[in-house]
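Q: To convert, note that position 187 of the sequence shown is 182 in the numbering used here; the numbers rise steadily by one, no gaps. The beta-carbon is built from N, C-alpha and C at its ideal position, and this holds for glycine as well. Can you read through this structure? Questions will come right after.
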Amino acid sequence: MSSVVQQLSLADLSNLYQTSYGGFEVDAAGWDNRQLIGTIRKNQKFNGNKLVMAQLQDYGGGQSSGSLPASSTAAIIQPELFAKSVYSTTVIDNQSMKAARRAGTNLGAFEDATELSMQILKESFAMQIARQFFGNGSGSLGVIQTVTTNAPGDYTILITAASYIEANWILNDLTNVASGTGLFLTTEIDLEARTIRIIRQSGADVPLAGQNIYKQKSKDNEMLGLKGVADAVAPQSLYGVSIGYRWKPVVLDALGASPSLPMFRQLDQRMRFQTRGVLPTDYIFSASALTQFENSEDQKSIIYVEPTIAPEREAGSQVAAIKLNGRLIRVHWSPWIENDRIYAVNRNKISLELRPETVGAGEECGGFIENGDSIFFPLQVSGTPLDSFAMFYSTYGNFYIPPTFLGVIKNLSTVI
């Protein structure tokens, strides 16, 4: 059983059970990604050690005029996927579960403690999936530029500007430094200054400049996302296939320019030949790139549309579209994208390949780990039972993002 660093308890939440409350605000804690993640195909057929796909690159020879041709085979590649295990967990003590209930009501509590724990767990998991969708599979949250020692085991780290993404950092997160296994708890975050305070909970690791900070136990263990595919170059490989002819992303260097319709048309035309006409359905901006585009003359081309999922919320992305080369293309933004890039994707060519019976209904990308007929696991430490229970939310699989159908604009201006 994994160690427990923090859990919900009466000691932490005693004030929740002293007054009749009207509601508990959870939207402020994270980003809603239903619009984007909900459109990704989820295939529950990953039932082996690896999942082998197939893609026709070219029809090959066997063509002639005037007389019968010689034959040759079609060019086919077979990308391979390996499943990754993605988890979120929470622990709550039995007394808090009981205290949150009174005669079957929530009187004297914000929410039923069990229901609230489940909701927080599922939303936390959804954020984890979204972050990995835009990541490179390494699990890195950022690179340390400098380290200030506040006390033994207590450090304030400055993250380099090049690796800094605001959405990667959350309070009470547990992280590892470099290849170490020691746990660090995030206690303070200054988003503008790019400083993070971490306090060691276990082990003897000491953070150093130049090292990466990773999600706990996640170093090189995350699903491969857009950044990993977009940054791949020869002689590297993707899904076991060497980067090369029609198996690489289309990259457009913006050379410091701001996003514009002519730039999108240029990327679109370059992708047209590689994809054989299967062009992007979505452009996903960083926050600063979308702001620049909305502030430019080209903002007149933006068409605002009603979302089909969670219409009362903007789903963590701008609900809009633009006309490009005769097509209506959906425009999103994501907090997990570096400020100087935009991704061009075809959502029909991206999938989340999962183990059978992994996910729930709707847009869910995972499900509770079951303990018989229950989702609660009694906790023990060194064989001694605790009056606490753990819940786990998980998925097993990987994103499949064929580089053939992926475009990326890099080195955009970041000046708003």
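Give the DSSP-derived three-state secondary structure of S83 in the structure shown.
A: In the three-state DSSP reduction, S83 falls in the strand class (E or B).
Q: Check the C-beta distance from I279 over to H327 and give it rounded, since I have them as a contact under 8 angstroms.
A: 5 angstroms
Q: Using three-state DSSP, classify I115 as helix, strand or coil.
A: helix
Q: Helix, strand or coil for S283, going by three-state DSSP, please let me know.
A: helix
Q: Let me know the secondary structure DSSP gives Q261 once reduced to three states.
A: helix
Q: In the structure shown, what three-state DSSP assignment does E75 receive?
A: strand
Q: Pull up the distance between the alpha-carbon of F41 and that of L219, whole angstroms please.
A: 16 angstroms
Q: Among residues of its own chain, excluding the 5 on either side of G325, which ones have a beta-carbon nearer than 7 angstroms to its beta-carbon?
A: Gly is not the amino acid found at residue 325; the sequence shown has Arg there. Only T276, D277 and A316 meet the Cβ criterion.
Q: Can you list, in chain order, the residues of its chain whose CB lies under 8 angstroms from that of A199, leaving out five sequence neighbours each side?
A: G177
Q: Among G57, E118, P380 and G134, whose alpha-carbon lies nearest the alpha-carbon of K79?
A: Residue G134 is the option with its Cα nearest to K79.
Q: Determine the burial state of G137: buried for a count of at least 16 other Cβ atoms within 10 Å of its Cβ, exposed for fewer.
A: Under this definition G137 is a buried residue.
Q: Helix or strand or just coil, what does DSSP make of P330?
A: coil
Q: Pick from S383, F128 and Q375: whose alpha carbon is nearest that of A225?
A: F128
Q: Among G61, I71, E365 and P398, which residue has its Cα nearest to the Cα of L51?
A: Selection G61, I71, E365 and P398 evaluated against L51 yields I71 as nearest (Cα-Cα).
Q: Identify whether L256 lies in helix, strand or coil by the three-state DSSP scheme.
A: If DSSP states are grouped into helix, strand and coil, L256 belongs with the helices.
Q: Under the three-state reduction of DSSP, which class applies to E292: helix, strand or coil?
A: helix
Q: Check whether the Cβ atoms of I332 and S281 lie closer than 8 angstroms to each other.
A: Contact: yes.
Q: In this structure, does DSSP put M386 in helix, strand or coil?
A: strand
Q: Given that a residue counts as buried once 16 or more other Cβ atoms are within 10 Å of its Cβ, and exposed if not, what is E110?
A: exposed
Q: Quick one: grab the DSSP three-state call for P202.
A: The answer is coil: DSSP assigns P202 none of H, G, I, E or B.
Q: Mapping the DSSP letters down to three states, classify I337 as helix, strand or coil.
A: I337 falls in the strand class under three-state DSSP.
Q: So, with DSSP's three-state summary, where would you put N89?
A: The answer is helix: DSSP assigns N89 an H, G or I state.
Q: Let me make sure I understand the geometry here. Which of P257, N343, T390 and N171 has the alpha-carbon closest to that of Q211?
A: N171
Q: Compute the beta-carbon to beta-carbon distance between I345 and Y391, rounded to the nearest angstrom, for a pair I have assumed lies under 8 angstroms.
A: The Cβ separation is near 18 angstroms, so there is no contact.
Q: Nearest to I193 by CA position, among G148, Y338, G175 and I87, is which residue?
A: G148
Q: From this set, L63, L46 and Q73, which residue's C-alpha is nearest S232's C-alpha?
A: Q73
Q: Which value, in whole angstroms, describes the spacing of the CA atoms of A416 and P330?
A: Outside the displayed range of the chain (-4 to 411) lies residue 416, so it cannot be described from this structure.
Q: Bridge partners of W242, per DSSP?
A: G239
Q: Am I right that F400 and F363 are in contact with their C-beta atoms under 8 angstroms? What's the rounded C-beta distance?
A: Not really, about 33 angstroms apart at Cβ, beyond 8 angstroms.
Q: Does G177 come within less than 8 angstroms of chain D when only Cβ atoms are used?
A: Going by chain labels, chain D is absent from the structure shown, which holds only one protein chain.
Q: Let me check one thing: in DSSP terms, what residues is F363 bridge-paired to?
A: When DSSP reads this structure, F363 sits in a beta bridge with Y388.
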